[in-house]
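Shown next, in structure tokens, is the structure this report addresses.
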């Protein structure tokens, strides 16, 4: 018997992760650039991520084995933490003991549908969800604005 196989693109996979991790935020947008251009930039996490995520001051990749990496992330507050990362075209997942970040991108014609996930990995966060939700929505919008500005279409007005 042949069973149907359901494939999830990376953005749907990020949505599933968000649904399974209480207390995370998920924000999505469409970036007006081709997937190859967007992901070429985003896959350079050491260079791009610190300018896009408000609290990230720096990322330093320590080890790399194919799509798996170990990195140290330093926050603007001076705190730092080791993160396990998976990075492949269209997908980035970073997890520390206390935090999780994710990015996913899929082509949509000449544009790119993009998702950003972030959250704390703490016990009891289900209880805090109603309290955290307004701040998470604000943070999600702020992060998306940075990504949208980074990948805004070039100014062709000549002025």
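Residue numbers (the working numbering): 3 to 161.
No residue lacks a Cβ here, since even glycine has one placed at the ideal position from N, Cα and C.
| Item | Value |
| --- | --- |
| Best match in 74, 26, 22 for proximity to residue 65 [C-alpha to C-alpha] | 74 |
| Residue 27 burial status per 10 Å Cβ neighbour count (16 or more: buried) | buried |
| Expected contact under 8 Å - CB spacing of residue 106 and residue 35 to nearest Å | The pair is not a contact, with the Cβ atoms about 16 Å apart (cut-off 8 Å). |
| DSSP bridge partner residues for residue 42 (one or two, in chain order) | None, per the DSSP bridge assignment. |
| Close beta carbons around residue 71, own chain, < 7 Å, minus the five adjacent residues each side | 63, 65, 87, 89 |
| Contacts around residue 59, its chain only, beta-carbon distance under 7 Å, and the 5 residues preceding and following it disregarded | 52, 76, 77, 78 |
| Cβ separation of residue 29 and residue 145, assumed to be a contact under 8 Å, to the nearest whole Å | 6 Å |
| Residue interval of the alpha helix (DSSP H) (run including residue 12) | 12-22 |
| Residue 146 - DSSP class collapsed to helix/strand/coil | helix |
| CB contact flag (residue 13, residue 152, <7 Å) | no |
| Within the segment 75-116, ranges of the beta strand (DSSP E) (whole runs, at least 3 residues) | 82-90, 93-97, 101-110 |
| Those residues which DSSP pairs with residue 121 across a bridge | 102 |
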